[in-house]
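One structure is given below, encoded as structure tokens.
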Amino acid sequence: MAGVMTYSNNTALALELLTAAGLMGQEVKALSINNEQQAQELKDAGASVYEVTGEYSAADTNMVAEILKQAAAALGVDIILLSSDRRGKELSGRLAQKLNAGCLTDIKAIQVNGTEIECERNALGGAAIAVQSIKSTKQVLAISPKVFKQAEPAGDGSINNYAVEETISAVSVKEIIPKSTDSVDIADADVLIAVGCGVQTKYNLPAVEAIAQSLGGLVGCSKPVATDWKWFSEERIIGLSGKICSPDAALILGVSGQVQFAVGVRGARVLISINSDENAPINSMADYYMVADLNDVLPQLKDAMS
Amino acid sequence: MIVPYLGGNDEKREAVLKGVRELMKIVVAMKQIPDLQQIRIRDRKPILDGVPLTFGKIDKNALEAAVQIKEAVNGEVVVVSVGNEELEDTIKEALAADADSSVMLIEDDIEKMDSAQTAKVLAELIKQVERYDLVIFGEGSGDNYSGQMGSRVAEILGLPQAGYVTSIEIDGIAAIVKRSLEDQEEILEVKLPAVISVAADLNEPRIPSVSKVLKAGKKPKEIFNLDDLDIEVCEALVATSSSLAPASNRKGIELKSVSELVEVLKSEASGGN
Numbered sequence: 001m002a003g004v005m006t007y008s009n010n011t012a013l014a015l016e017l018l019t020a021a022g023l024m025g026q027e028v029k030a031l032s033i034n035n036e037q038q039a040q041e042l043k044d045a046g047a048s049v050y051e052v053t054g055e056y057s058a059a060d061t062n063m064v065a066e067i068l069k070q071a072a073a074a075l076g077v078d079i080i081l082l083s084s085d086r087r088g089k090e091l092s093g094r095l096a097q098k099l100n101a102g103c104l105t106d107i108k109a110i111q112v113n114g115t116e117i118e119c120e121r122n123a124l125g126g127a128a129i130a131v132q133s134i135k136s137t138k139q140v141l142a143i144s145p146k147v148f149k150q151a152e153p154a155g156d157g158s159i160n161n162y163a164v165e166e167t168i169s170a171v172s173v174k175e176i177i178p179k180s181t182d183s184v185d186i187a188d189a190d191v192l193i194a195v196g197c198g199v200q201t202k203y204n205l206p207a208v209e210a211i212a213q214s215l216g217g218l219v220g221c222s223k224p225v226a227t228d229w230k231w232f233s234e235e236r237i238i239g240l241s242g243k244i245c246s247p248d249a250a251l252i253l254g255v256s257g258q259v260q261f262a263v264g265v266r267g268a269r270v271l272i273s274i275n276s277d278e279n280a281p282i283n284s285m286a287d288y289y290m291v292a293d294l295n296d297v298l299p300q301l302k303d304a305m306s
Numbered sequence: 307m308i309v310p311y312l313g314g315n316d317e318k319r320e321a322v323l324k325g326v327r328e329l330m331k332i333v334v335a336m337k338q339i340p341d342l343q344q345i346r347i348r349d350r351k352p353i354l355d356g357v358p359l360t361f362g363k364i365d366k367n368a369l370e371a372a373v374q375i376k377e378a379v380n381g382e383v384v385v386v387s388v389g390n391e392e393l394e395d396t397i398k399e400a401l402a403a404d405a406d407s408s409v410m411l412i413e414d415d416i417e418k419m420d421s422a423q424t425a426k427v428l429a430e431l432i433k434q435v436e437r438y439d440l441v442i443f444g445e446g447s448g449d450n451y452s453g454q455m456g457s458r459v460a461e462i463l464g465l466p467q468a469g470y471v472t473s474i475e476i477d478g479i480a481a482i483v484k485r486s487l488e489d490q491e492e493i494l495e496v497k498l499p500a501v502i503s504v505a506a507d508l509n510e511p512r513i514p515s516v517s518k519v520l521k522a523g524k525k526p527k528e529i530f531n532l533d534d535l536d537i538e539v540c541e542a543l544v545a546t547s548s549s550l551a552p553a554s555n556r557k558g559i560e561l562k563s564v565s566e567l568v569e570v571l572k573s574e575a576s577g578g579n
């Protein structure tokens, strides 16, 4: 029986892939490139790790795809699981093309029916959820972060060194600039407060923060609030091009509810919305909605909650 | 700083070094998609009939990036697209926004092709553009957002690639680009010709003037169909068994006062306390 190979340069995501690979009912082989610590962590999670070391640049997508192609052939695997972060998504298309494989990215759920792997992903900008499967023997599946839990420590892991042919790179790294990252991740919020354009003025933000604090929640926003208004960093964006959140409760403030946003809060157990437009699509998506001007509601709500 | 463009392939480079005025040729691949704002859902099914076709927002970012390079280094921008018979109309949006010419493949039912099939067709179309230096994609299409196309086409054309790019400069025979990942940015030197996929919102696409819109239809265009290009499109590698709007069973209760709101928040949203 052919096996499954996993790869992500991000160790947390590589551990999530091990969990996903476990569903396939096949032998799992975890590839790790130039990352001894990652190889060790994957081994500790019980994986058969194949560690590649050499002059490889993670920034050269073609080179990494070439390593994966060679490894897949040598290890006799047909299914390759990658992480659907930016690095992994860019890699998945290149690898799939090298293998003449079908490929799905941004996978949100997996259902294995015998030999068929059914995957769910957003379609039509999030308006629909497509259930898709790959028909080719070789399959490249890129799985969204946090869909699966990281594999727990387990016995029986191993690390094998594995050599691949070197390729010439046409991409060179001149500089790497770390991004100042938020210490909080809104995708982990139990209670999520979403700020939309209906919040209108930055003067309302202290009230929003106070309400968030009283609910023990984290504040995220719709895309224009971060990209156009720059009130928050891009890591706080909720929706198709930002974070997909599944909080216990989401309080949506002044977001009309276009599908690109709605995708990011669809997983909430309870949705509560306040919007001044009685025809806003968000009203029909909510468990509770209030038609009101946030300039009036926010100060009252802040006082009532404190 | 922009260093003069020196040509993306050997032949061109030689010509430039001999003093022949060569234009940098930038190909932008754009996808014709339904206007997402106008899709309605009935019985969980997305209704696409009558929804106008357009180019996605990220594809417009890709075009704008190309046009800005052309303005900086003396070049030309060719838009390449695959679509149905309405594409000739859709493509005018790109020509009005300062693309110089277009190369199209027009077939019915073309939207049913999967990523692997489309990549093959797109790569063939790009090969029809002589001596291109740079191919630019958006990071993902507005509708499917699969993000495979730039990578697949780069592989077929045998070119280096960089994705999620937020700035591009031309430096002689290479592009200096900034790739924006979740936790870091990379400044990369990518040898031309190359395939670059730009991140959403790296620029503000220009809004064409009325006179440019009127002139768009007169710009040079080449139209092919599958038979002209003599490509055998393989079978689809991906099957879709359903595509439905998610079921929603929200309660839809209207709250009339702040005190009702507070009550709901206290009972339903106390997860963090």
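Quick mapping for you: the protein sequence lines, in order, are chains X and S.
Residue numbers for the first sequence, in our numbering: 1 to 306.
Residue numbers for the second sequence, in our numbering: 307 to 579.
Beta carbons are placed, not taken as given, at the ideal position from N, Cα and C, and that holds for glycine.
Since this is a predicted model, take the numbers as computed values, not measurements.
Chain A contact for residue i (CB, 7 Å cutoff)
i        : result
S/ARG319 : No chain A appears in the structure shown, which is made up of the protein chains X and S.
Proximity to residue i [Cα-Cα], best of the options
i        : options                                   : result
X/LEU166 : X/MET24, X/LYS43 and X/LEU68              : Note on residue identity: the sequence assigns Glu, not Leu, to residue 166 of chain X. That would be X/LEU68, whose Cα lies nearest to the Cα of X/GLU166.
S/MET410 : S/LYS337, S/ASP489 and S/PRO552           : S/LYS337
X/ALA39  : X/LEU17, X/MET63 and X/THR11              : X/THR11
S/LYS376 : S/ARG348, S/GLY389 and S/ASP406           : S/ASP406
S/ALA378 : S/GLY389, S/MET330 and S/ASP341           : S/MET330
S/GLU391 : S/SER547, S/ILE529 and S/ASN555           : S/ILE529
X/VAL64  : X/ALA45, X/GLY46, X/ARG86 and X/ILE33     : X/ILE33
S/SER447 : X/LEU205, X/LEU124, X/ILE80 and X/ASP293  : X/LEU124
S/VAL435 : S/ILE332, S/ASP365 and S/ARG350           : S/ILE332
X/ASN161 : X/THR6, X/THR19 and X/THR53               : X/THR53
S/GLU370 : S/ALA575, S/PRO352, S/SER486 and S/ALA402 : S/ALA402
X/LEU91  : S/LYS418, S/GLU445, S/VAL568 and S/GLY356 : S/GLU445
S/LYS433 : S/GLN454, S/ALA460 and S/MET419           : S/ALA460
Cβ shell of residue i (< 8 Å), same chain only, five flanking positions each side left out
i        : result
X/ALA262 : GLY126, GLY239, PRO281, ILE282 and MET285
X/GLY216 : ASP190 and VAL191
X/GLY76  : ALA2 and GLY3
X/LYS43  : VAL49, GLY157, SER158 and ILE159
S/LEU312 : ARG319, VAL322, LEU323, GLY478 and ILE479
X/ILE107 : SER84, CYS119, GLU120, ARG121, LEU141, ALA142, ILE143, SER144 and VAL147
S/ASP414 : ASN390 and GLU391
X/LEU204 : First, the amino acid is wrong: residue 204 of chain X is Asn here, not Leu. These residues qualify, in order along the chain: LEU294, ASN295 and LEU298.
X/ALA210 : LYS302, MET305 and SER306
X/GLU55  : GLU166
X/GLN260 : GLY125, GLY126, LYS223, GLY239, LEU240 and SER241
Distance between beta carbons of residue j and residue i, contact taken as under 8 Å
i        : j        : result
X/VAL291 : X/ASN275 : 7 Å
X/GLY257 : X/GLY242 : The pair is not a contact, with the Cβ atoms about 15 Å apart (cut-off 8 Å).
S/PRO552 : X/ILE186 : With a Cβ gap of about 21 Å, S/PRO552 and X/ILE186 do not count as contacting.
S/GLY262 : S/SER503 : The shown model of chain S, from 307 to 579, leaves out residue 262 of chain S, and the question about it has no answer.
S/VAL326 : S/VAL385 : Actually they are not in contact, since the Cβ atoms of S/VAL326 and S/VAL385 sit about 26 Å apart, beyond 8 Å.
X/ALA194 : X/ALA250 : 6 Å
X/ALA73  : X/MET5   : 10 Å between Cβ atoms; not a contact.
Strand pairing of residue i, partner residues [DSSP]
i        : result
S/GLY389 : S/ILE412
X/PRO178 : S/GLN490
S/THR546 : X/GLN132
X/SER172 : S/GLU495
S/ALA500 : S/LEU440
X/VAL4   : X/VAL28 and X/ILE79
X/ARG121 : X/ALA130
X/CYS197 : Answer is none; X/CYS197 lacks a bridge partner.
X/ALA74  : In DSSP, X/ALA74 forms no bridge with anything.
Close Cβ partners of residue i (< 6 Å) along its chain, the five nearest in sequence each way excluded
i        : result
S/ARG458 : ALA425
S/ASP449 : ILE339
X/GLY174 : Residue identity check: residue 174 of chain X is Lys in the sequence provided, not Gly. Nothing meets the Cβ criterion.
X/ASP228 : none
S/ASP404 : VAL373
X/LEU95  : ALA65, LEU68 and VAL140
Close-in-space but distant-in-sequence residues of the same chain around residue i (CB under 7 Å, 5 per side omitted)
i        : result
X/SER214 : MET305 and SER306
X/ASP287 : VAL270, LEU271 and ILE272
S/LEU498 : GLY314, ASP439, LEU440, ILE479, ALA480 and ALA481
X/GLY319 : It is not possible to answer for residue 319 of chain X, since the shown part of chain X is limited to 1 through 306.
S/VAL570 : LEU561
Heavy atom of the ligand FAD within 6 Å of residue i beta-carbon
i        : result
X/GLY267 : The ligand FAD is absent from the structure shown, which contains no ligand whatsoever.
Is it the case that the stretch 350-361 of chain S contacts the stretch 386-397 of chain S, given that we only count it when at least three CB pairs across the two stretches are under 8 Å? yes
I'd like to know if the stretch 298-305 of chain X and the stretch 556-571 of chain S are in contact, where contact means that at least 3 CB-CB pairs between them fall below 8 Å. yes
Inter-stretch contact at 8 Å, needing at least 3 Cβ pairs: the stretch 536-546 of chain S / the stretch 474-494 of chain S: no
Touch test, the stretch 23-40 of chain X against the stretch 136-143 of chain X, Cβ-Cβ under 8 Å, three pairs minimum: no
Assess contact between the stretch 519-534 of chain S and the stretch 97-114 of chain X, defined as three or more Cβ pairs (one per stretch) separated by less than 8 Å. Is contact present? no
Answer yes if the stretch 508-516 of chain S comes into contact with the stretch 170-183 of chain X, meaning at least three C-beta pairs across the two stretches below 8 Å, and no otherwise. no
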